[in-house]
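Q: My questions all concern the structure below.
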Amino acid sequence: MIKFRRQNALTPEKDAEVNINLVPLLFFVVGYVAVRALLHTAQTAAPDGDAAE
42 MIKFRRQNAL TPEKDAEVNI NLVPLLFFVV GYVAVRALLH TAQTAAPDGD
92 AAE
């Protein structure tokens, strides 16, 4: 998680805080890479019909 906080001493009502949670993005990237690797393995491991000759 990334936190950014900006404080304004003269006008406290303009204080800003931003929180960015990167955990969902991490899960998506890991899942995408895993599925892509599995599909690539399944495609290369599948026997061809012509290879039996």
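Under the numbering used here, the first residue of the sequence shown is numbered 42, with each subsequent residue one higher. Even glycine gets a Cβ: it sits at the ideal position worked out from N, Cα and C.
(1) Between which residues of its own chain and N60 is the CB-CB distance below 7 Å, once the five residues before and five after are set aside?
(2) How about D56 and N62: do their beta carbons lie closer than 8 Å?
(3) May I ask you to report which of helix, strand or coil DSSP gives A57?
(4) Specify, as a first and last residue, the run of the alpha helix (DSSP H) that L67 falls within.
(5) Could you work out which residue in L79, E58, H81 is closest to R46 when comparing CA atoms only?
A: With the given structure in hand:
(1) M42, K44
(2) no
(3) strand
(4) 64-86
(5) E58
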